[in-house]
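What follows is a single structure, written as structure tokens, with notes after it.
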Amino acid sequence: MISFSQVRKSYRGGHEALAELSFSIETGELVFITGRSGAGKSTLLKLIPAIERPTSGTVLVNGQNIGSMRRPAIPYLRRNLGLIFQDQKLLYDRSAFDNVMLPLAFTGHAHKDAARRVRAALDKVGLLAREKANPITLSGGEQQRLCIARAVVNRPSILLADEPTASLDSASAAEVMEMFRSFNQVGVTVLIATHDEALVQRLNPRVLVLKQGRLAS
Amino acid sequence: MITWLRQHWRTFGLTLARLAGNPLATLLNVMVIGVALALPLGGYMLLQNLGSITRQVTGNPQVSLFLAPEAGKADIAALEARLKQIPGVRAARFIPREQALEGLKRSENTADVIATLQANPLPDAFVLETGGSAAELEKLEPELKALPKIAHVQLDSAWVKRLETLIELGRTAVLILATLLAFGLIAVTFNTIRLQILTQKDEIEVSKLIGATDAFIRRPFFHLGLIQGALGGLAALAIVYLCMLILNRSILELAQLYGSDFRLGFFGFSDCLALLVFAAFLGWLGAYMSVSRHLADIEPR
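Protein sequence lines, in the order shown, are assigned to chains D and U.
First residue of the first sequence: 4, per our numbering; consecutive thereafter.
First residue of the second sequence: 11, per our numbering; consecutive thereafter.
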């Protein structure tokens, strides 16, 4: 489903974020990427939706080569991925409902059908009662759950989350993690970058440890 | 196809809602475009009206031939015969000097002056009816001047021709003005769209990240430019129409003094429609340039 082989990513100025990285993730796996900040976790996650392109090596997602993918094809790749960003990227000029509606605006769903899917996604993360609220009025944990709702409303086959528990207290963090696990249990491939080792150990999943852009174990 | 139409329809609605949501900014933008378009449009309307006056006047151009004082009856008969042979002359009407004086006496304005005269100062004259245009009349002039016993040839068309030239000049000026202001309109839209793109920077970035195509992201800005341009065109028509109503009040009074019922006429439906389409196109063009220039700058990292 996702495979990296000999992937190197260096930024302008010579900083090398990833070096000689090779691994593959099968459909339905739950994988954690850990490592200290600057180890290359975010870069790794950005390569999968083609936000960044590899400097050398191959990144394959669902059989498509990200390095050679043409720009017009990228949106269609991303529609099959659920992205949860480190900085959340919620829109504060609209309600929670409309935030989750955003990915359905350009897939051509009839409004009624789209609204039903938005409510289903909000229900799954426990925010159905807050659909009219502006995201700014939601708590940190609720905002993160709203991001998850937006990521899954399109029913993606792969879910990517960058530090989804970074700003949460441990109870909320556990709640969010439980959500990822339940998505994984219904067959979604889940890839989570985190530096929260304690949280990872409790779930006992497959872990990729990054150290200076390479796999450490 | 249905999806595409549905998305356009939805975008159109959202764009209208966005414009209505910020009425002051919308009004100002529309007014800027409207005033810019109203200037050449008003000029064009005045020229069109002037053009229709000259066409009325030039429909039947006349030439007056004033005879030399020494011309006798035989000369007049000979002249009349020759005039009728000149191609382009439809009819030649002889006006004896006594008849011309009677005419002046009947006229209120000149009767007092005429009464003080001891002798008749007017010459005999021929009035020629021609069917041709001002230019053809011009060609006829040297031939008429060469006739014997002719003191002066007065072309009715001379001032009409001057007016036509002036109108032509005005038309060129309006065209230049329109071109300049069309660029202005494009620039206004360019800037409005740039600001709108900056305002929606977050939304654009997120949309790109979750799989919106470039076409989808551009669409609302094209709609915005198009709608704003068309509204500006509508404002321009309204401004020119209002000005026309105000002017017509004074023009009517003036025209009555000359015993005419002339008044300014407005554009026909197809002209108005053409202007709206043109304004909408310019708005779209400004939006297109702005979107091409600025959207690429927002690339998620």
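Every residue gets a Cβ at the ideal spot worked out from N, C-alpha and C, and that includes glycine.
Option in the options with minimal Cα separation from residue i
i       : options                               : result
I249(U) : G53(U), I12(U), A30(U) and W14(U)     : G53(U)
Q17(U)  : P138(D), T30(D) and H112(D)           : H112(D)
L173(U) : L241(U), V123(U) and G61(U)           : G61(U)
G66(D)  : N83(D), C150(D), L107(D) and F109(D)  : N83(D)
I186(U) : L51(U), L111(U) and E309(U)           : L51(U)
P208(D) : Q9(D), R15(D), S6(D) and I28(D)       : I28(D)
A196(D) : D126(D), A124(D), K127(D) and S40(D)  : S40(D)
F193(U) : L295(U), N59(U) and A306(U)           : L295(U)
M41(U)  : L267(U), G243(U), A290(U) and L255(U) : G243(U)
P230(U) : T13(U), C282(U), K155(U) and T25(U)   : T25(U)
S302(U) : L15(U), K149(U), V216(U) and R228(U)  : R228(U)
T223(U) : V34(D), T30(D) and P78(D)             : P78(D)
I87(D)  : P52(D), G70(D) and F100(D)            : P52(D)
L285(U) : R28(U), M55(U), L37(U) and L38(U)     : M55(U)
G85(D)  : L202(D), V212(D) and V193(D)          : V193(D)
L50(D)  : Q204(D), M104(D) and L163(D)          : L163(D)
A246(U) : Q164(U), W19(U) and N39(U)            : N39(U)
S6(D)   : K12(D), G16(D) and S25(D)             : S25(D)
A99(D)  : R74(D), R81(D) and N137(D)            : N137(D)
K127(D) : R184(D), I161(D) and K115(D)          : R184(D)
E309(U) : E55(D), M4(D) and V34(D)              : E55(D)
I214(U) : L94(D), P75(D), V103(D) and D90(D)    : L94(D)
K92(D)  : R153(D), S160(D), V10(D) and Q9(D)    : R153(D)
Range covered by the beta strand (DSSP E) that runs through residue i
i       : result
E23(D)  : E19 to I28
G16(D)  : Note, G16(D): premise wrong, no beta strand (DSSP E); not H, not E.
I161(D) : I161 to D165
H162(U) : I160 to L165
L93(D)  : Here L93(D) belongs to no beta strand (DSSP E), and DSSP marks it neither H nor E.
L77(U)  : Q72 to L77
N60(D)  : Residue identity differs from the one stated: residue 60(D) is Gly in this sequence, not Asn. Element bounds for G60(D): S59 to V64.
R209(D) : R209 to K214
G85(D)  : L84 to I87
Spatial distance of residue i from residue j (CA atoms)
i       : j       : result
L47(D)  : L21(D)  : 8 Å
E166(D) : T21(U)  : 34 Å
R120(D) : H18(D)  : 42 Å
G43(D)  : I237(U) : 47 Å
E178(U) : Q128(U) : 46 Å
M254(U) : M11(U)  : 45 Å
T182(U) : F279(U) : 24 Å
L141(D) : T209(U) : 23 Å
A46(U)  : F200(U) : 15 Å
S260(U) : L49(U)  : 20 Å
E153(U) : E146(U) : 12 Å
S170(D) : G143(D) : 7 Å
E139(U) : G98(U)  : 9 Å
M72(D)  : G44(U)  : 46 Å
Y14(D)  : R217(D) : 16 Å
A91(U)  : A81(U)  : 15 Å
I63(U)  : K115(U) : 29 Å
D199(D) : A177(D) : 11 Å
T168(D) : D212(U) : 22 Å
F76(U)  : L165(U) : 11 Å
K159(U) : F136(U) : 12 Å
K12(D)  : D96(D)  : 35 Å
L80(D)  : S300(U) : 27 Å
L202(D) : V191(D) : 20 Å
I151(D) : L206(D) : 19 Å
N119(U) : C282(U) : 45 Å
N- and C-terminal bounds of the alpha helix (DSSP H) containing residue i
i       : result
R303(U) : F279 to H304
D116(D) : H114 to K127
G113(U) : R107 to R116
E90(U)  : K83 to Q95
V203(D) : E200 to L206
T126(U) : Per DSSP, T126(U) belongs to no alpha helix (DSSP H) and is neither H nor E.
I36(D)  : No alpha helix (DSSP H) contains I36(D), which is instead part of the beta strand (DSSP E) from L33 to T37.
F232(U) : D224 to L267
Cβ distance (whole Å) where residue i is taken to contact residue j below 8 Å
i       : j       : result
F276(U) : Y251(U) : 6 Å
R158(D) : L130(D) : Incorrect: roughly 18 Å between the Cβ atoms, too far for contact.
D85(U)  : R107(U) : About 14 Å separates the two Cβ atoms, so there is no contact after all.
Interface partners of residue i on chain A, CB under 8 Å
i       : result
L162(D) : The structure shown contains no chain A; its protein chains are D and U.
Taking beta-carbon pairs under 9 Å, can you tell me which members of the stretch 78-92 of chain D lie near chain U? P78, Y79, L80, R81, R82, N83, L84, G85, L86, F88 and K92
If the cut-off is 7 Å on Cβ atoms, which residues from the stretch 96-128 of chain D count as contacting chain U, listed in chain order? L105, P106, F109 and G111
Note down, in chain order, all residues in the stretch 40-61 of chain D with a beta-carbon under 7 Å from any beta-carbon belonging to chain U. I54
Residues of the stretch 187-214 of chain U with a CB closer than 7 Å to any CB of chain D: list them in chain order, please. D212 and E213
Can you pull out the residues from the stretch 222-243 of chain U whose beta carbon lies closer than 8 Å to at least one beta carbon of chain D? Against chain D - using a Cβ distance shorter than 8 Å - the residues of the stretch 222-243 of chain U are A222, T223, D224 and F226.
Under 8 Å, CB to CB, which of the residues in the stretch 14-42 of chain D have a partner in chain U? none
Compile a chain-ordered list of the residues in the stretch 36-48 of chain U whose CB is closer than 8 Å to at least one CB of chain D. Look at the stretch 36-48 of chain U: it has no residue with a C-beta under 8 Å from a C-beta of chain D.
Note down, in chain order, all residues in the stretch 147-160 of chain D with a beta-carbon under 9 Å from any beta-carbon belonging to chain U. Correct list: R153, A154 and N157.
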